[in-house]
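Oh and the sequence shown: position 235 is 237 in our numbering, straight run, nothing missing.
Quick reminder that beta carbons are idealized off the backbone N, C-alpha and C, glycines included.
Reading through the structure tokens given below for one structure.
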Amino acid sequence: MALSLFDEETSMEAPIPEELPLLPIRDLVIFPYMVFPIFVGRPFSIKAIEEAIESHDRYIFLALQKDKDIEEPTKDDLYETGTVATILRMMKLEDDRIKILVQGVARAKIKDFIKEDNLYKVKLEILEEPKPPEENIEVEALIHSIKDLLDKSIALGKQVLPDLVEIIRTLEEPGKLSDLVASILDLKSADAQKILEIVDPVERLRHVHDLFIKEVGLLEIQHKIRTAARESMEKDQREYFLRQQIKAIQEELGEKDERQEEVEQYRKKIEEAGMPEDVREEAEKQLKRLEKMHPDSAEAGVIRTYLDWLVELPWSKRTKDKLDLKRAKRILDEDHYDLEKVKERILEYLAVQKLKKEKSMKGPILCFVGPPGVGKTSLGKSIARSLGRKFVRQSLGGVRDEAEIRGHRRTYVGALPGRIIQAIKQAGTKNPVIMLDEVDKLASDFRGDPASALLEVLDPEQNREFTDHYLGVPFDLSEVMFICTANRIDTIPRPLLDRMEVIRIPGYSEEEKLYIAKNYLIPRQLKENGLSQKYVEFTDSGLRFLIRHYTREAGVRSLERQINAVLRKIAKEIALKGKKKKYRITKSLVKKFLGAPLYMPEKEKSDEIGVVTGLAWTEVGGEILKIEATRMPGKGQLILTGSLGDVMKESAMTALSYVKSKSEEYGIDPEDFQKYDTHVHVPAGAIPKDGPSAGISIATAICSLFMNLPVRADVAMTGEITLRGKVLPVGGLKEKILAAKRAEIKDVILPKDNKDEVMEDLPPFARKNINLIFVDHIDQVFKIAIKDFEKKIKKKGNKKS
């Protein structure tokens with residue numbers, strides 16, 4: 003039968019057949035007695051409607067899908083319990099869908115599921131409701147309660163059809179009442195299905211009653227929130243009108259309100275701040291915006307904070323430099339021992355500024371590079387004191403966010419300027435000394451690269467107009483003296499390093515540490531521990547013992563801690579005994595107070611084949627590096643261990659290739675390199691090692707191994723080797739020489755190209771009791787370090803002749 007656009011309802015008195023067409027419903031549960039429109043579009047659903055109208059007295063079975071996204075459900079995809087409904091009306095829509103109006107008739111359960119030619123049918127078991135007991139008090143109470151809840155929910159704003167409300171109010175049958183109330187509740191399809199599956203009308207009434215109570219409770223909360231919000235809005239509007247009235251009255255009386263006073267104060271501060279013209283225009287523009295705003299609005303608070311920053315920055319305030327060179331030199335000498343290059347650079351700056359006619363000049367951007375504890379950070383304070391400038395320190399270690407340097411934009415909640423502008427405000431002048439500590443430990447992640455943000459800050463040609471994201475206007479940083487500190491420069495990006503004047507601060511020798519301890523550290527620690535020189539005297543031997551056996555560092559930070567530990571023990575003894583006596587700190591007393599020595603001198607006791615003492619530079623100073631070589635039967639492979647980097651591995655391969663190339667000259671059987679595997683190991687395998695400076699040490703170890711001659715234990719060396727045997731210059735020589743001296747090494751072999759640098763940088767007392775030998779070829783190294791090397795070569799030469 004063809005579907006008509008509109009079919010009138012038919013009689014509902016016909017009996018329900020045992021087999022009916024099935025209409026799966028995606029997200030809706032139809033209860034008995036409930037009238038509801040359904041839109042149908044799936045072919046098998048349209049077929050089911052046709053079948054229902056044509057052959058089944060308009061009866062159809064409605065079952066809920068467990069998953070609404072399934073297009074062609076099977077028996078397992080449907081709930082077993084559903085509703086037999088009759089199709090009251092039907093209308094065909096323009097998009098080939100059908101709209102039907104159905105009314106639930108009875109509950110039923112699927113007994114069998116049949117699919118024939120794009121049509122679902124089901125055999126059903128009609129679920130008859132048991133009759134509720136007559137005059138049941140609980141049922142009466144539930145019915146009354148549900149009707150009260152209906153009235154309450156409508157009062158709270160729930161939308162229910164008036165006709166349906168009247169029907170519910172007159173119903174006394176628990177089954178029909180529970181089904182009709184369930185149809186008006188805001189339920190998820192799974193919860194509605196649970197109600198449909200309850201056959202007992204009293205139990206169903208209880209369940210619907212509980213759900214209705216929850217819904218009314220939710221409606222009460224929503225009503226309370228809406229009422230509070232409305233009252234708050236009304237209060238704000240009332241306050242606004244009252245303020246406007248107060249303002250009008252004050253204007254009539256010639257009085258000013260608080261907001262006008264605030265605006266006038268800001269205007270006065272802007273005039274006194276000495277801002278550049280473009281900055282002043284921006285400040286006045288923001289002030290006009292503030293004047294027009296409601297004083298309690300969030301935007302007004304943001305503008306106030308911004309104006310506070312603008313008026314408090316030192317746009318034109320600067321301290322006058324104290325250009326007394328003698329005074330500056332005295333202050334620098336008082337605070338720090340040695341560091342002549344740094345002191346000389348500061349005095350040069352003062353001298354140039356004194357001779358220049360202009361009042362100001364570009365501030366230098368210095369970078370102090372050296373191991374921890376040598377006085378880099380404290381030197382910044384001394385420089386500021388000698389110049390008569392304000393000093394501000396900013397630690398950059400671990401900073402990952404670019405906004406830490408440039409600031410956050412004002413659109414963000416809680417935005418602030420970056421660290422540079424914060425430091426300027428903290429100093430209160432536009433020409434302070436700003437120390438950027440640990441610049442080599444900057445990091446970067448998805449929030450940007452802080453090192454790149456520093457490029458503009460540390461460029462004397464660009465920082466005249468440094469723009470912080472928060473301020474949005476340029477600030478002149480050209481008069482600021484920036485001082486950066488770093489332990490190493492290889493982690494600083496090259497463009498950033500290019501903007502700084504690098505001044506290396508090497509580690510201290512034992513003699514320098516002794517002088518610093520006696521003149522700087524001990525007086526300071528005596529004062530901190532409440533002692534005086536009357537009762538404590540450090541002997542030179544006791545201090546040397548403490549330096550040599552309880553510290554291993556390039557700086558003096560650990561030394562100061564150990565001195566503090568000794569003085570604490572003395573303070574404790576004086577406090578316990580109640581009398582003061584003179585303490586002479588000798589070796590034995592140091593051992594008594596600090597316990598067994600922590601470090602012993604690193605010294606090879608005897609000459610060995612294939613064992614060479616190398617020298618290495620680390621972030622904390624120089625270290626001696628034992629390089630061991632051995633061989634075993636194999637196929638000529640080179641084995642490298644000890645956590646070595648790529649550069650160090652290449653140095654080892656170069657060293658082996660050189661010794662191979664000179665095997666006949668050195669009296670080595672060339673076949674030995676094919677018959678044996680060579681193993682080169684650098685102990686302390688947990689510590690990564692890299693760099694080319696161990697080249698000549700590895701070559702000496704390999705040559706000693708294959709010549710079967712021992713290497714002198716009192717010789718240490720450093721230098722890069724080439725395939726032609728040339729010795730190339732390396733860095734960190736002062737630290738390396740001090741490490742050799744600490745290990746009581748007699749001879750130190752160094753590259754000849756480093757001679758001028760060593761002679762200039764190494765203090766005369768550091769050269770005592772140590773012999774510095776400068777070489778330019780590896781053969782010279784072998785002659786000095788390998789015992790009987792020349793004798794064996796001469797013997798080989800005599801055999802040839």
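Short of 6 Å in beta carbon distance, which residues of its chain neighbour residue i, apart from the five on each side in sequence? Order them along the chain.
i	result
H225	L158
A618	E625, L627
K356	L325
G377	H338
D193	none
D648	none
L25	S47, A50, I62, L64
V265	E293
A768	S511
L189	none
Report the three-state DSSP secondary structure of residue i (helix, strand or coil).
i	result
L22	strand
P712	strand
H551	helix
P452	helix
I747	coil
K515	helix
V459	helix
Q396	strand
D9	Low confidence applies to D9: its pLDDT is 37, below 50, so where it sits in the model is not reliable enough to give any reading.
N566	helix
D153	helix
A405	helix
R320	coil
P419	coil
R1	The structure shown does not extend to residue 1, since the chain is modelled only from 3 to 803, so the question has no answer here.
L292	helix
K794	helix
D280	helix
M602	coil
A787	helix
A300	helix
P809	Given a span of 3 to 803 for the chain in the structure shown, any question on residue 809 remains unanswerable.
E137	coil
I426	helix
Based on DSSP bridge pairs, tell me the residues matched to residue i.
i	result
A618	E625
C369	C486, V504
T229	Its beta-bridge partners do not exist; DSSP assigns none.
F63	L24, V86
G106	P34, A87
E539	R586
V124	L22, F115
N773	D749
D755	Answer by DSSP bridge pairing: none, since D755 is not bridged.
P476	T469
Among the candidates the options, whose CA atom is the shortest distance from the CA of residue i?
i	options	result
P508	I485, L545, K594, P373	P373
R109	T588, I128, A453	I128
W311	K324, I72, E284	E284
D461	L479, F393, P419	L479
V538	R506, R563, K584	K584
I786	S653, C705, Q464	C705
E82	I112, W317, I55, R99	I112
E807	L95, N489, V141, L198	Nothing can be reported for residue 807: it is not among the residues displayed for the chain, which extend from 3 to 803.
M36	A87, A302, D97	A87
E673	V750, F708, S645	F708
V504	I223, G721, I367	I367
Between residue i and the rest of its own chain, which residues show a CB-CB distance below 8 Å, the 5 nearest in sequence each way excluded?
i	result
S397	D439, E440
A567	F595, L596
F8	Caution is warranted here: a pLDDT of 32 is assigned to F8, below 50, making its placement in the model unreliable, and no coordinate value can be reported.
N138	V204
Leaving out five residues on either side along the sequence, give the residues of the same chain with a beta carbon under 7 Å from the beta carbon of residue i.
i	result
G544	I587, T588, K589, L591, V592
V482	G365, N433, P434, I436
L561	K515, A519, L523, I549, T553
Under 7 Å from any heavy atom of the ligand ADP, does the C-beta of residue i make it?
i	result
H225	Among the components of this structure there are no ligands whatsoever, and the ligand ADP is therefore not found.
Where are the alpha helix (DSSP H) runs, 4 residues long or more, that stay fully inside the stretch 170-239, in chain order?
-> Segments of the alpha helix (DSSP H) lying fully in the stretch 170-239: 176-186, 191-198.
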